[in-house]
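> Sharing a structure, written as structure tokens. Questions coming.
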Amino acid sequence: MKVIGIEGSPREDGNTEKLVRAILAGAAQKGADTRFYKISKMNISPCRGCIGCRESGICVIQDEMTILYDEIQASDAIVLGSPIYMWQVTAQTKMLMDRLVVFVKPDFSSRLNGKKDLVLAFTQGNPDPQSFKFYFDYLEKLFSFMYYDVRGRVVAHGMRKKDDILDQKEVLERAREIGKSLVA
Ligand SMILES: Cc1cc2nc3c(=O)[nH]c(=O)nc-3n(C[C@H](O)[C@H](O)[C@H](O)COP(=O)(O)O)c2cc1C
Numbered sequence: 001m002k003v004i005g006i007e008g009s010p011r012e013d014g015n016t017e018k019l020v021r022a023i024l025a026g027a028a029q030k031g032a033d034t035r036f037y038k039i040s041k042m043n044i045s046p047c048r049g050c051i052g053c054r055e056s057g058i059c060v061i062q063d064e065m066t067i068l069y070d071e072i073q074a075s076d077a078i079v080l081g082s083p084i085y086m087w088q089v090t091a092q093t094k095m096l097m098d099r100l101v102v103f104v105k106p107d108f109s110s111r112l113n114g115k116k117d118l119v120l121a122f123t124q125g126n127p128d129p130q131s132f133k134f135y136f137d138y139l140e141k142l143f144s145f146m147y148y149d150v151r152g153r154v155v156a157h158g159m160r161k162k163d164d165i166l167d168q169k170e171v172l173e174r175a176r177e178i179g180k181s182l183v184a
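Under full-length UniProt numbering, the first residue of the sequence shown is numbered 1, with each subsequent residue one higher.
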């Protein structure tokens, strides 16, 4: 069982990174092989919209996204984490999402080579956990449309400083439990 974490905050060891790592730690505790990838530390460019991948399934941009394409295909479950910036995922996360178009065939069926469980992990400054529910619901619909099996979401709210999540033991505990449930 392989579980990969892909995390889209530009801030090193911030709240989102800790949240994604907690989910991975739960999965590892149950015996999963886990890997963590930080988009901002990788050489990944935005989609050029050439649509070259539509027929071939191969992106013309030969950057470190090729690592993530291989890792996604090799994984059983993916944890995608992002802070909320301006009511949305970060630019780094959106860039990765656009590049996932490689796995979408012209008839909108999928090139994913099997079932891919997905957990979405978000952190936000807003103290109201419901404030972006509409957006998280929408993202879950999007990923379901792209044939990912959405298994859950974890949201840490009221996050300002990069260690704030350490004070939310129950959120980190829930993250670990979701990670474990991916393997159970
Ligand atoms: C440019 C920027 C925009 C942000 N926009 C929002 C926002 O719209 N809503 C919100 O609740 N928090 C917002 N935040 C706060 C972050 O989502 C929050 O601090 C998050 O935990 C940061 O994650 P990190 O520690 O992993 O980098 C913003 C932060 C930055 C730097």
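Ideal placement from N, C-alpha and C gives every residue a C-beta, glycine not left out.
1) Using DSSP with H/G/I as helix, E/B as strand and the rest coil, what is I6?
2) For D149, I'd like the list of residues in its chain whose CB is within less than 8 Å of its CB, leaving aside the five on either flank, ordered along the chain.
3) Could you tell me whether the stretch 132–141 touches the stretch 28–43, using the rule of 3 or more Cβ pairs below 8 Å?
4) Looking only at C-alpha atoms, which of M97, S82 and I51 sits nearest to P106?
5) Are the stretch 65–85 and the stretch 6–22 in contact at 8 Å, needing three or more beta carbon pairs?
6) Please go through the UniProt domain "NADPH-dependent FMN reductase-like" (1–125) and give each complete alpha helix (DSSP H) segment of 4 or more residues, from N-terminal end onward.
7) Taking three-plus beta-carbon pairs below 8 Å as touching, is the stretch 93–100 in contact with the stretch 118–137?
8) Output needed for A28: all residues of its chain with C-beta closer than 7 Å, excluding positions within five of it in sequence on either side, in chain order.
9) Identify which residue in S144, S109, F103 and P127 has its Cα closest to the Cα of L120.
10) Does the distance from the CB of M95 to the CB of E64 come in under 7 Å?
11) Can you give me the start and stop residues for the beta strand (DSSP E) that R151 sits inside?
12) Rounded to whole angstroms, what is the Cα-Cα separation between F103 and P46?
13) Using a threshold of 7 Å, state whether the C-beta atoms of S75 and I4 are closer than that.
14) Can you tell me where the alpha helix (DSSP H) with K145 in it begins and where it stops?
15) Are I23 and A175 close, meaning C-beta to C-beta below 7 Å?
16) Relative to the C-alpha of F108, which residue among K161, Q88 and Y147 is closest?
17) Taking 6 Å as the limit between beta carbons, can you name the residues of its chain near I44, skipping five residues before and five after?
18) So what does DSSP say about D163, is it helix, strand or coil?
Looking at the coordinates:
1) To locate residue 6, count along the sequence shown from 1; it is residue 6. Three-state DSSP puts I6 in a strand.
2) Position 149 of the sequence shown, counting from 1, holds the residue named residue 149. The answer, listed in chain order, is K115, K116, D117 and L118.
3) no
4) Residue numbering aside, residue 106 sits at position 106 when the sequence shown is read from its first letter. Selected option, being the one with the closest Cα: I51.
5) yes
6) 15–29, 53–56, 65–74 and 91–99
7) no
8) If you number the sequence shown from 1, residue 28 lands on position 28. Answer for A28: T34, listed in chain order.
9) In the sequence shown, the residue the question calls residue 120 occupies position 120. That would be S144, whose Cα lies nearest to the Cα of L120.
10) Within the sequence shown, residue 95 is the residue found at index 95, counting from 1. Within the sequence shown, residue 64 is the residue found at index 64, counting from 1. No, the Cβ-Cβ distance between M95 and E64 is not below 7 Å.
11) Numbered from 1 along the sequence shown, position 151 holds the residue referred to as residue 151. Unbroken beta strand (DSSP E) run through R151: Y148 to A156.
12) In the sequence shown, residue 103 corresponds to position 103, counting from 1. In the sequence shown, residue 46 corresponds to position 46, counting from 1. C-alpha separation (whole angstroms): 16 Å.
13) On the sequence shown, residue 75 is found 75 positions in, with the first residue counted as 1. On the sequence shown, residue 4 is found 4 positions in, with the first residue counted as 1. Taking 7 Å as the Cβ cut-off, S75 and I4 qualify as a contacting pair.
14) Reading the sequence shown from its first residue, position 145 is the one you call residue 145. Checking the displayed sequence, the identity of residue 145 turns out to be Phe instead of Lys. Per DSSP, F145 belongs to the alpha helix (DSSP H) from K133 to F145.
15) The sequence position of residue 23 within the sequence shown is 23, counting from 1. The sequence position of residue 175 within the sequence shown is 175, counting from 1. Cβ atoms of I23 and A175: closer than 7 Å.
16) Within the sequence shown, the letter at position 108 stands for residue 108. When each option's Cα is compared against that of F108, the closest is Y147.
17) As a working mapping, residue 44 is identified with position 44 in the sequence shown. D63, E64 and M65, listed in sequence order.
18) Taking the first residue of the sequence shown as 1, we reach residue 163 at position 163. Here D163 sits in coil by DSSP.
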